[in-house]
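Please read the structure below before turning to the comments.
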Amino acid sequence: MSAQTGSRLAVLGWDEWFEERFASIAHEGLVPARVTADFGAAYVVADAHRSQRAVVARSLRERGLPAVGDWVALRHRETLSQIEGIVDRRTVFSRKVAGQESKEQVLACNVDLAFVVASAQDVDARRIERYLAMAWQSGAAPVVILTKADLAPDIDALVLELEVAAAGTPVV
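Add 69 to the 1-based position in the sequence shown for the numbering used here, that's all there is to it.
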């Protein structure tokens with residue numbers, strides 16, 4: 070991999086951890102790419118050179134679909150590139166599918182830092198705790214960000230309350 074190729078992938082979040090795992094699924098003609106958008110039947114992926122549309126290979130559909138943030142093994146095609154493998158995930162944001170007992174819906178993958186953003190005018194510590202639990206469970210490091218701090222009646226007390234609820238998570 071050239072330095073320029075590696076640099077572009079690094080900007081997208083590529084590192085040694087993903088490179089090691091990609092090696093186990095890489096075959097001739099496959100390149101690493103990051104899923105940046107999911108449109109159901111098609112995806113947008115970014116590789117070392119460009120962003121492009123891609124579809125999932127039929128053989129991969131039975132094993133599970135990629136999610137935004139996934140690193141995938143991509144085969145370039147003339148008209149539409151094809152996703153032929155998914156690199157192991159480092160972190161996963163997911164939730165239970167509504168109405169189904171044990172079905173998981175993956176929301177995003179390989180997120181290192183999760184921002185929980187709330188207006189200081191209308192903040193609910195219990196809601197923040199739920200979002201933080203989701204971030205911690207995913208493996209991402211959360212940060213609580215308060216907006217409209219100038220409109221809060223007592224911003225210092227609010228920050229203190231959230232710092233207690235956030236159990237060591239930064240509140241800014």
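The C-beta atom is built at its ideal place from N, Cα and C for all residues, glycine as well.
- Taking the Cα positions, R127 is about 39 Å away from V186.
- Using a C-beta cut-off of 8 Å, the region 166-181 makes no contact with the region 213-228, since fewer than three inter-stretch Cβ pairs fall below that distance.
- For the options R195, E131, D225, the alpha carbon positioned closest to that of A235 is the one of R195.
- The beta carbon of V228 sits closer than 8 Å to those of L215, V240, all from its chain and outside the five residues before and after it, given in chain order.
- By the Cβ-count criterion, R199 is exposed, with fewer than 16 other Cβ atoms from all chains shown falling within 10 Å of its own Cβ.
- Residue pairing of D107 in beta bridges, as defined by DSSP: Y112.
- In this structure the region 85-93 does not touch the region 117-137; the number of beta carbon pairs closer than 8 Å is below three.
- Between the C-alpha atoms of A202 and G237 there is a straight-line separation of about 13 Å.
- One Cα belongs to R164, the other to F108, and the distance between them is close to 19 Å.
- As the crow flies, the alpha-carbon of H96 is around 33 Å from that of Q206.
- Between T160 and the set I152, V124, L143, A210, the nearest pair of CA atoms involves A210.
- Taken in chain order, the whole beta strand (DSSP E) runs of length 3 or more contained in the region 140-192 are 140-144, 150-155, 161-165, 173-178, 182-188.
- Under a 10 Å Cβ-count criterion, S188 is classified as exposed, with fewer than 16 other Cβ atoms of the shown protein chains found around its own Cβ.
- A210: member of the beta strand (DSSP E) spanning 210-216, first to last residue.
- I197 and R146 have their C-alpha atoms some 44 Å from each other.
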